[in-house]
Amino acid sequence: KNESSVSKLFARSKKQKAMTMLVPGLLVVFTFVFTRTLSTSSPVTAELINLEPTSAEVSPGNKIDWQIPGPYPASLRDPMRLAPVTTGQTQSDQLQLIVKGIVHSKDKPSAIINGRIMREGEKISSATIVKINRSEVVFEMNGRKWAQKVQR
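Counting from 206, one number per residue, gives the positions in the sequence shown under the numbering used here.
In structure tokens:
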């Protein structure tokens, strides 16, 4: 049994062998350094610092000539606030409904529109889904109806 454990120890990779040797050695060195630094007290010498107030002389020829600036104009953006996000879309571009798929059934047909699963009667981007057929979805907005087929 003893030979088996020794052979397993030597069968380890070179990295494991190196770590097996280094860890106990480093532990001894660390313990030695740690105990030496904590056990010896080094004498602390303090320098005397002159704390008497001193006065600085200002030459009469140096004149500081600056004025306090006025308040910032209200038209400048506050640098501590995030700028509003602009997507560059107009009102007509915002209602862009993309039908990617349809799951048709008699009781609960559904469609994948703009990456969301939607059912009849639900609203998406202010448009109401009126009917989901096998190949198209009928939308209504502002009294206007239109049908869109699945985009592949």
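Think of the CB as a built atom: it goes at the ideal place given N, C-alpha and C, for glycine as much as any other residue.
Query raised in the report: Buried or exposed: where does Ala352 fall if 16 or more other Cβ atoms within 10 Å of its Cβ makes it buried?
Result: exposed
Query raised in the report: Looking only at C-alpha atoms, which of Pro278, Gly326, Ala332, Lys350 sits nearest to Leu302?
Result: Ala332
Requested in this report: Pick helix, strand or coil for Thr259, following the three-state DSSP scheme.
Outcome: coil
Query raised in the report: So what does DSSP say about Val290, is it helix, strand or coil?
Result: coil
Query raised in the report: Roughly how many angstroms separate the alpha carbons of Ser340 and Gly348, rounded to a whole number?
Result: 23 Å
Report task. Given a cut-off of 8 Å, decide if Glu325 and Lys311 are closer than it, judged by their beta-carbon atoms. Result -> no
Query - Residue closest to Lys354, alpha-carbon to alpha-carbon, out of Asn338, Glu345, Met346 - result: Asn338
Query raised in the report: When we look at the beta-carbon of Phe237 and count the other beta-carbons within 10 Å, is it buried (16 or more) or exposed?
Result: exposed
**Report entry** Assigned secondary structure, Gln353 (DSSP; H/G/I helix, E/B strand, else coil)
**Finding:** strand
Query raised in the report: When the Cα atoms are used, what is the spatial distance from Ile269 to Glu262?
Result: 15 Å
Query - Where the beta strand (DSSP E) through Gly306 begins and ends - result: 304 to 308
Query raised in the report: So what's Lys222 in DSSP terms, helix, strand or just coil?
Result: helix
Report task. Can you grab the Cα-Cα spacing for the pair Ala279 / Trp271, in whole Å? Result -> 24 Å
Query - Whole-angstrom distance between Leu243 and Ile254, CA atom to CA atom - result: 29 Å
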